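Comments concern the structure below.
In this note's numbering, the protein residues as written are 8 to 273.
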């Protein structure tokens with residue numbers, strides 16, 4: 008890995024932890040055929056989650072500070088967005104599991120390996136697997152979630168969850184937020200709003216003032232108890248009425264199966 012690239016990225020991450028923003032020059036790049044896409048490193052208009060309500064959601068952390076969401080898929084594997092971790096060495100990373108409070112509770116486990124998709128670029132192939140140093144012990148607060156093997160139908164509601172900000176300049180909440188106000192739409196419908204959409208993207212439509220914001224990247228979209236998406240980007244500013252972009256899990260089912268630790272449910 009180019010040392011200059013790595014240390015430059017690390018300084019960006021550490022600075023953003025102080026400022027509580029998640030944005031970089033690389034992440035600001037967008038496809039020329041689309042409006043500006045912004046990484047979603049809070050769930051807007053979300054409700055506070057109860058302990059154990061989303062036992063598969065984890066906080067991905069650097070230096071003890073939340074940077075992104077993640078999802079437990081096995082005792083030693085967590086899915087997140089590649090944009091969150093691709094430039095970091097594993098020993099800088101850890102995950103907090105088993106708590107809806109990002110500042111307290113649960114267990115914290117070190118990451119030993121980061122597997123970003125080999126073709127990750129900007130918001131394409133925005134998926135990564137974190138392998139954990141020690142196996143998570145399942146209980147009522149820590150559980151895996153099955154990963155989708157088929158595309159989710161268009162027009163159905165999904166659940167999303169995260170610790171992202173409630174607005175462009177707001178701080179991140181302590182308690183995990185969730186929303187059930189988003190619905191899936193076809194990529195053709197999505198393209199009317201945001202331009203060309205890759206088949207690897209799951210578009211979620213929502214009303215103005217809803218959706219994902221800074222700090223939510225890597226978090227889950229769930230349909231009928233199955234992980235169907237990973238939060239990747241929102242359009243322009245938080246809460247715009249345009250669809251949010253999620254990495255489509257079913258598109259990467261083979262890659263997930265090949266690169267995860269044992270115990271993944273499909």
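For every residue, glycine included, the Cβ atom is placed at its ideal position computed from N, Cα and C. No experiment lies behind these values; they were computed from the predicted model shown.
With 16 other Cβ atoms within 10 Å as the buried cut-off, status of residue i
i           : result
residue 207 : buried
residue 57  : exposed
residue 100 : buried
residue 143 : buried
residue 73  : buried
residue 133 : buried
residue 267 : buried
residue 53  : buried
residue 125 : exposed
residue 269 : exposed
residue 39  : At residue 39 the pLDDT is 34, less than 50, meaning the model places this residue with poor confidence; the figure from the coordinates comes in the next sentence. The residue in question, residue 39, is exposed, as its Cβ has fewer than 16 Cβ neighbours within 10 Å.
residue 186 : buried
residue 248 : exposed
residue 209 : buried
residue 78  : buried
Short Cβ contact (7 Å threshold) for residue i with residue j
i           : j           : result
residue 87  : residue 225 : yes
residue 183 : residue 211 : no
residue 273 : residue 191 : no
residue 253 : residue 237 : yes
residue 164 : residue 76  : no
residue 80  : residue 178 : no
residue 152 : residue 104 : no
residue 68  : residue 181 : no
residue 229 : residue 166 : yes
residue 205 : residue 161 : no
residue 3   : residue 59  : Coverage of the chain is limited to positions 8 through 273, which leaves residue 3 absent and any answer about it impossible.
Beta-carbon separation (whole angstroms), residue i vs residue j, contact threshold 8 Å
i           : j           : result
residue 171 : residue 129 : With a Cβ gap of about 19 Å, residue 171 and residue 129 do not count as contacting.
residue 213 : residue 158 : Contact flag wrong, Cβ pair sits at about 19 Å.
residue 66  : residue 93  : So it is not a contact: roughly 18 Å between Cβ atoms.
Identified DSSP bridge partners for residue i
i           : result
residue 72  : 69
residue 216 : According to DSSP, residue 216 bridges with nothing at all.
residue 168 : 185
residue 126 : For residue 126, which the question treats as bridged, DSSP gives no partner whatsoever.
residue 210 : 192, 252
residue 86  : 78, 136
residue 100 : 69
residue 234 : 154, 229
residue 121 : 137
beta-carbon residue i near the ligand PLP non-hydrogen atom, thresh 6 Å
i           : result
residue 189 : This structure lacks the ligand PLP; in fact it carries no ligand of any kind.
| said: When you compare the region 214-228 with the region 237-248, are there three or more beta-carbon pairs, one atom per stretch, that lie closer than 8 Å? | reply: At 8 Å Cβ cutoff, the stretches touch.
| At least 3 beta-carbon pairs within less than 8 Å: the region 122-138 vs the region 74-88 | The region 122-138 is in contact with the region 74-88.
| said: Could you check whether the region 256-263 touches the region 188-204, counting it as contact only if at least three pairs of C-beta atoms, one from each stretch, sit closer than 8 Å? | reply: The region 256-263 makes no contact with the region 188-204; the number of CB pairs closer than 8 Å stays below 3.
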